[in-house]
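The numbers in my numbering rise by one with no breaks, and the one at position 251 of the sequence shown is 252.
Every residue, glycine too, gets a C-beta built ideally from N, C-alpha and C.
Every value quoted in this text rests on a predicted model; they were computed, and no experiment measured them.
Step one of this worksheet: look at the structure below.
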Amino acid sequence: MSSSYILRGTAANHTLRIFATDSSTLAGETKRRHELTPDATAALGRLMTGAVLFGLTLSKHEKSRISIRVEGDGPLRYMVAEGTVSEELKGGHASARGYVGNSSAELPLRATDGKLDVGALVGKGELAVTRLLENGEPYTSSVALQTGEIANDLAYYLAVSEQIPSAVLLGVYLEGGEVHTAGGLLVQVMPGADDEHVEIMERNIAALGNITTALRNMSLLELVQRVTEGLGLELLEESLPLSFACRCSRERLLSTLTYFSLEERKDMMAQGGQEAVCHWCNTHYHLTPQEIAGLDDDMDGEQSEMPVSRGVQA
Ligand SMILES: [Zn+2]
């Protein structure tokens with residue numbers, strides 16, 4: 002399994018923007034962390050790959066973090082993915098994290114083609130994209146799910162909510178129950194693009210077929226070259242590394258205990274401490290009675306406005 006990375010470029014005199022990622026190790030680590038079924042891995046792997054691709058499209062004036070929540074009536078219930086792109090460090094890097102409502106969700110393979118049935122796993126519902134505006138305020142916009150297959154839903158979101166015609170390909174391929182290949186491609190048609198160029202790009206994408214099949218047969222660079230064949234590809238940089246990363250910490254989970262009453266916290270201490278789990282990365286923290294006791298002094302009168310959750314979130 003290759004490592005996860007991203008390629009960015011433009012074609013047809015900057016009127017087409019191309020973002021491509023190999024997210025094989027990212028999907029593999031997500032499966033392992035959350036002990037996901039192959040079905041849930043395919044669904045969340047696609048959404049996390051999509052969140053990273055969306056994060057790449059943000060202008061530098063926006064905070065380069067995006068979260069996408071999908072809520073459906075299928076057995077998966079819901080899933081959330083967050084993609085973060087940092088240009089600040091030398092060379093830059095991207096990361097993602099995510100979780101699902103039901104990690105053991107699974108369905109029979111689709112009768113028509115023998116593939117994992119992500120559409121039925123997700124069901125009918127809504128897709129909501131939240132981004133941080135320049136002033137740090139979150140802005141959310143949502144659309145109805147079209148197929149629940151995620152790539153189509155994200156393309157629909159971009160067309161409707163952002164008026165940017167886009168092609169989105171996402172795929173997670175498992176072999177022997179483990180992630181073998183995962184990846185995604187996002188091409189955006191910018192204002193002023195020539196119809197003829199768009200048609201060439203559409204033909205190139207159609208010839209590519211399934212993205213995971215393509216990535217099993219060629220490198221990410223070859224894939225980007227195929228998509229932009231005849232259109233003059235200009236690569237932005239060699240590659241941008243992509244990894245699973247969570248922003249949780251012991252301190253952050255400990256601070257969420259301040260939303261419980263003093264009495265509840267005394268209860269936790271009497272029981273030898275409190276287990277806290279980060280939803281995003283499934284890291285388990287055992288918060289000791291001493292740490293919880295220390296919280297009383299530090300946090301006295303300093304309650305912030307996060308919602309209370311016994312599940313404890315970061
Ligand atoms: Zn975490």
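Just curious, the alpha helix (DSSP H) that residue i is in, first and last residue?
i      : result
His35  : 25-35
Gln226 : 221-228
Ser96  : Note, Ser96: premise wrong, no alpha helix (DSSP H); beta strand (DSSP E) at 94-101.
Ala277 : No alpha helix (DSSP H) holds Ala277; the beta strand (DSSP E) holding it covers 275-278.
Arg253 : 251-257
Thr38  : Per DSSP, Thr38 belongs to no alpha helix (DSSP H) and is neither H nor E.
Leu209 : 196-209
Lys267 : 263-271
Ala112 : Careful: Ala112 lies outside any alpha helix (DSSP H) and carries neither H nor E.
Thr213 : 212-218
Gly120 : 119-123
Please determine whether the Cβ atom of residue i lies at a distance below 6 Å from any heavy atom of ligand 1.
i      : result
Thr284 : yes
Need the endpoints of the beta strand (DSSP E) that residue i sits in, please.
i      : result
Pro242 : 241-245
Glu83  : 79-87
Arg9   : 6-12
Ser68  : 66-73
His287 : 285-288
Unbroken stretches of the beta strand (DSSP E), 3 residues or longer, contained in the region 130-189: 139-145, 167-176
Measuring CB atoms only, is the region 11-29 touching the region 221-231, in the sense that at least three cross pairs come out at less than 8 Å? yes
Between the region 92-108 and the region 50-59, are three or more C-beta pairs nearer than 8 Å? yes
For the structure I just gave you, are there three or more beta carbon pairs, one from the region 256-273 and one from the region 29-42, closer than 8 Å? no
Assess, as a yes-or-no matter, whether the region 132-143 is touched by the region 115-122 under the definition of 3 or more beta carbon pairs within less than 8 Å. no
Counting pairs of Cβ atoms below 8 Å between the region 207-218 and the region 172-184, do you hit three or more? yes
Within the chosen definition, does the region 9-16 reach the region 59-78 through at least 3 CB pairs nearer than 8 Å? no
For the region 197-207 against the region 228-239, are there 3 or more C-beta pairs whose distance is under 8 Å? yes
Contact between the region 275-285 and the region 238-258 is defined here as three or more beta-carbon pairs at a separation below 8 Å; is this criterion met? yes
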